[in-house]
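Enquirer: Pasting a structure below so you can have a look.
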Amino acid sequence: MADIKEQKQKPNIKEDSKTNQLKGFSVNHDDTKLTTNQGVKLSSTDDSLKAGERGPTLMEDFHFREKMTHFDHERIPERVVHARGFGAHGYFQCYKPMTEYTKAKFLQDPSVKTPVFVRFSTVVGSRGSADTVRDVRGFATKFYTEDGNYDLVANNMPIFFIHDAIKFPDIVHSIKPEPHNEIPQASAAHNTFWDFVVSTPELAHMIMWLLSDRAIPRSYRMMEGFGVNTFRFVNDMGKAHFIKFHWKPLLGVHSLVWDEAQKIAGKAPDFNRRDLWDAINMGQFPEFELGVQILKEEDEFKFDFDILDATKFWPEEDVPVEIIGKMTLNRNTENFFAETEQVAFHPGNVVPGIDFTNDPLLQGRLFSYLDTQLIRLGGPNFHELPINRPLAPIHNNQRDGYHRMTIDQGAVSYSPNSIQNNAPMPDPKNGYIHYQEKVDGKKVRARSESFKDFYRQATLFWNSMSDIEKQHIIEAFHFEVGKVSCKKIKQQVVDMFNNVDSMLATEIAKGVGATPPSTVGGNDVVAASPAVSMENTIKVAQTRKVAFLVENGFNYQDVTQTMQALKDAGVSVEIVSKNIGVLNSMDNQELEAGQNYLTTASVLYDAVFIPGGRECANTLANQGDSMGFVNEAFKHAKAIASSNEGIDFLESTQIQGVALAGMENTGDVVTELGVVTIRNTADLGKFGQEFIKAIAEHRHWARKDIKEKVPG
Ligand code: HDD
């Protein structure tokens, strides 16, 4: 009895606790017989019940009616934002007890593995839209802790568009497809959004992030996550600190280039979700460290921005990120709908030790998420869906409502009561106690003056970008604003961003047919925050994907040794050929090509390798698809490697101005601008290592003028 009581109050959380809970709901259909939803076995499901073979279908066909009714009701409303997403299971472990700052139990004991479910998403597109559109990415994590569920509902950018949640419907309406014709899908490049931007200067900073490479991540495994809003840690003495949450991927932060992202949207619209799915299936488990920026309450007014303003970040150079734990995603879902679609996040799902602040964006979020689940999941019992159930026990007086699962015993569903000794009883000691912040003010529909610095952090961000990142931002403006048909808005964009930086505004104007600013713009910010530039991120080759372009007559040793070196470094390889199937090497050894130029494309790989073998090189040189493949990889600044006669093929492509191993080369590895070549098969070991280094670099931006010189 004592055990049951103990269990009722305090679950023993283990890494697989959530998986085991879900198993109780999972159904296996192997070797089973077809039944109705009432469990009645069916003899056939291929024909409806008719009055005569050619006659009308009969009303009494209960199987037809049930099957059709279920089908007719299979869709639920998609999320109003973040409709397209992809989830995975894993666990979180803290590195050290955070007792000094918070009493949150999952942040105390490094030996505890708290189960988590994460859903990554895009914001604007509908459920069937492409993964690689320019957009903010959602990064929502549900921690199934012993104290109940904690949701960290984050994005991959540290700031937000607006100050106050009351503007959320406006910004979302402006960026979504325009209501009269539902065009364009999953894109900010249209009149209504930019009309809203130029009318709402607080957006300036977020636009800089949205038009940066952060908005087209290479992988969900390679992006940061940010809680954005300012929260509080509260310790068991009731002392609070302001905090910001960060997720830092161990693979570094990396992005696609825009041309590539657009092509992937057509060739592989599931690019990011497949990448996550495959990585987990291959055992390459995505890992993210959890970091916090911690501020003393007395330092609230120490900064030249308001720490409650969600359009500002706390520069890591000023408030260091303390790494406090790590999350590992190690299990794919069994059923997309049951798990990823039905999961319901809410920033208001907090546990003792984590509390809110008066950040007006956060305050509004605290209403919206619970509200939206009521329509999306059809009633107040969505917390009972397997994916949403906490591991901590639920005991309260809430009853009834659509789809109630639990069978709550007894006559009592009110408090206080004497019939049940007042159970379920509040727990003043362990129960959630809101931080007792003193609040005193007049009721006003107004915004604090301290929020009204719209441009200085936008300039800080701009100053922090590398040259190539700046160039990409300018090109993104040319694309986005170039698609705006209203000339007045284009000019207003130039004028607005002149407040960020004059050079930026002048460059924007050049590309979109507007007049450059006539006044020197910018502001007094000259500082930079190196932490926001992706140039300074972690660079590893692990988990990258390389295409080997191979045809008959290839050099077997070149292929197998290079493949082995890459595999040893955790890089995966796909053989691409004109035809899928068996290929023969120059010494008649076999290799299987798994992809042809129709099933795959250059944009789906991080790097390309072309082996030696005269016949192979000649065939490649006569195939437009192979040439295009390599040209595109070169243009997208990816690593390229080639050995022996493969280099002759490279010479026939648009790879110009890069030194390649020449005929006289006797075995040295020649590496220039991410192109690695060798003419001697004896030293393939070093060649492989150089290639791995070039892949780890992610992109080789020093290739001069590639954009102009390489067509495509
Ligand atoms: Fe939100 C979903 C993140 C501001 C209202 N939001 C949603 C999701 C993420 C975020 C990751 C998807 C969750 C999932 O995968 O199911 N949202 C953010 C961040 C914000 C933010 C980091 C800025 C700090 N959101 C925000 C505001 C509002 C909302 C200001 C409204 C006042 N968000 C919603 C929502 C959604 C949502 C309408 C749609 C689906 C859902 O909640 O479950 O309630």
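Sequential numbering from -14 applies to the sequence shown in the working numbering.
Idealized CB from N, CA, C, for every residue including glycine.
Small disclaimer: the values here were computed from a predicted structure and weren't measured.
What three-state label does DSSP hand Asn569 in the structure shown?
Expert: The answer is strand: DSSP assigns Asn569 an E or B state.
Enquirer: May I have a chain-ordered list of the beta strand (DSSP E) segments no shorter than 3 residues that lie completely inside the region 78 to 114?
Expert: Those beta strand (DSSP E) runs which fall completely within the region 78 to 114 and span 3+ residues are 99 to 107.
Enquirer: Quick check: does the Cβ of Asn373 come within less than 7 angstroms of any heavy atom belonging to ligand 1?
Expert: For ligand 1, not one heavy atom lies less than 7 angstroms from the Cβ of Asn373.
Enquirer: Are the CB atoms of Met207 and His158 within a distance shorter than 8 angstroms?
Expert: No.
Enquirer: So, helix, strand or coil for Met548, using DSSP?
Expert: If DSSP states are grouped into helix, strand and coil, Met548 belongs with the helices.
Enquirer: Measure the alpha-carbon distance for Thr87 versus Ala125 and round it to whole angstroms.
Expert: Approximately 21 angstroms, taken between the alpha carbons.
Enquirer: Classify Val429 as buried or exposed, calling it buried when 16 or more other Cβ atoms lie within 10 Å of its own Cβ.
Expert: Exposed is the call here.
Enquirer: Going straight from the alpha carbon of Leu314 to that of Met488, what length do you get?
Expert: Cα to Cα, Leu314 sits roughly 43 angstroms from Met488.
Enquirer: Taking the DSSP output, what are the residues bridged to Trp232?
Expert: According to DSSP, Trp232 bridges with Gly210, Leu275.
Enquirer: Kindly list the residues whose CB is nearer than 7 angstroms to the CB of Gly72, restricted to its own chain and excluding five residues on each side of it in sequence; keep chain order.
Expert: For Gly72, where only same-chain residues beyond five positions count, the Cβ hits under 7 angstroms are Phe102, Val103, Arg104, Thr318, Glu324, Thr325, Val328.
Enquirer: Looking only at its own chain, which residues have a Cβ that is under 6 angstroms from the Cβ of Ile453, when we skip the five neighbours before and after it?
Expert: Closer than 6 angstroms at the Cβ level, and outside the excluded window around Ile453, lie Trp686.
Enquirer: Assign Ser172 to one of two classes, buried (16 or more other C-beta atoms within 10 Å of its C-beta) or exposed (fewer than that).
Expert: That one is buried.
Enquirer: Give the list of continuous alpha helix (DSSP H) stretches no shorter than 4 residues that lie fully inside the region 446 to 502.
Expert: You should have 452 to 467, 472 to 482, 487 to 497.
Enquirer: Could you tell me which uninterrupted beta strand (DSSP E) segments, each at least 3 residues in length, are contained entirely in the region 132 to 199, listed from first to last along the chain?
Expert: Entirely contained in the region 132 to 199, the beta strand (DSSP E) runs reaching 3 residues are, in chain order, 133 to 140.
Enquirer: Would DSSP call Ile372 helix, strand or coil?
Expert: Here Ile372 sits in coil by DSSP.
Enquirer: Use the C-beta contact count for Ser204: other C-beta atoms within 10 angstroms, 16 or more gives buried, fewer gives exposed.
Expert: So Ser204 counts as buried.
Enquirer: Hey, would you say the C-beta of Arg119 is under 7 angstroms away from at least one heavy atom of ligand 1?
Expert: Incorrect: Arg119 has no Cβ contact closer than 7 angstroms to ligand 1.
Enquirer: In terms of residues, what are the limits of the beta strand (DSSP E) holding Gly123?
Expert: From DSSP, the beta strand (DSSP E) with Gly123 extends over 122 to 130.
Enquirer: So is Arg50 buried or exposed if we call it buried at 16+ other beta carbons inside 10 Å?
Expert: The residue in question, Arg50, is exposed, as its Cβ has fewer than 16 Cβ neighbours within 10 Å.
Enquirer: Just grab the DSSP bridge partners of Ala73 for me.
Expert: Paired residues: Val103, Asn317.
Enquirer: What number of angstroms, rounded off, separates the C-alpha of Ile595 from the C-alpha of Asp690?
Expert: Their backbone Cα atoms lie some 24 angstroms apart in a straight line.
Enquirer: Decide if Thr84 is buried, meaning its Cβ has at least 16 other Cβ atoms within 10 Å, or exposed.
Expert: Thr84 is exposed by the Cβ-count criterion.
Enquirer: Between which residues of its own chain and Leu605 is the CB-CB distance below 7 angstroms, once the five residues before and five after are set aside?
Expert: Same-chain partners within the cutoff: Leu534, Glu536, Ile595, Ser611, Phe634.
Enquirer: Can you check which of these residues, Lys127, Gly113, Ser28, is closest to Tyr76 by C-alpha distance?
Expert: Looking at the Cα atoms, Lys127 is the closest of the given residues.
Enquirer: Compute the minimum distance between the beta carbon of Tyr354 and the heavy atoms of ligand 1, and state whether it is under 7 angstroms.
Expert: Correct: Tyr354 has its Cβ closer than 7 angstroms to ligand 1.
Enquirer: For Thr54, is the beta carbon positioned less than 7 angstroms from some heavy atom of ligand 1?
Expert: Checking the Cβ of Thr54 against ligand 1 gives no.
Enquirer: With a threshold of 8 angstroms on Cβ separation, who are the neighbours of Leu658 within its own chain once the five nearest residues in sequence on each side are excluded?
Expert: Excluding positions up to five away in sequence, the list reads Val643, His685, Ala687, Arg688.
Enquirer: For Phe352, name the three-state secondary structure that DSSP assigns.
Expert: The answer is helix: DSSP assigns Phe352 an H, G or I state.
Enquirer: At a threshold of 7 angstroms, does Thr313 count as lining ligand 1 (C-beta to nearest heavy atom)?
Expert: No, ligand 1 has no heavy atom inside 7 angstroms of this Cβ.
Enquirer: Tell whether a beta-carbon distance below 8 angstroms holds between Ile677 and Ala586.
Expert: Cβ distance not < 8 angstroms, so Ile677 and Ala586 don't count as in contact.
Enquirer: Taking C-alpha atoms, which residue in Tyr420, Asn415, Asn483 lies nearest to Lys224?
Expert: Here the closest residue by C-alpha is Tyr420.
Enquirer: In chain order, what are the residue ranges of uninterrupted beta strand (DSSP E) at least 3 long that sit wholly in the region 592 to 680?
Expert: Listed in chain order, they are 592 to 595, 624 to 628, 655 to 657, 660 to 663.
Enquirer: Using only the alpha-carbon positions, how far apart do Asp438 and Val510 sit?
Expert: The alpha-carbon atoms of Asp438 and Val510 are separated by roughly 12 angstroms.
Enquirer: State the Cα-Cα distance for the pair Cys79 and Ser628, rounded to the nearest angstrom.
Expert: Taking the straight line joining both Cα atoms gives about 46 angstroms.
Enquirer: Based on the DSSP output, what are the partners of Pro202 in its beta bridges?
Expert: Per DSSP, Ser240.
Enquirer: Any heavy atom of ligand 2 inside 7 angstroms of the beta-carbon of Ala150?
Expert: No copy of ligand 2 occurs in the structure displayed; its ligands are ligand 1 alone.
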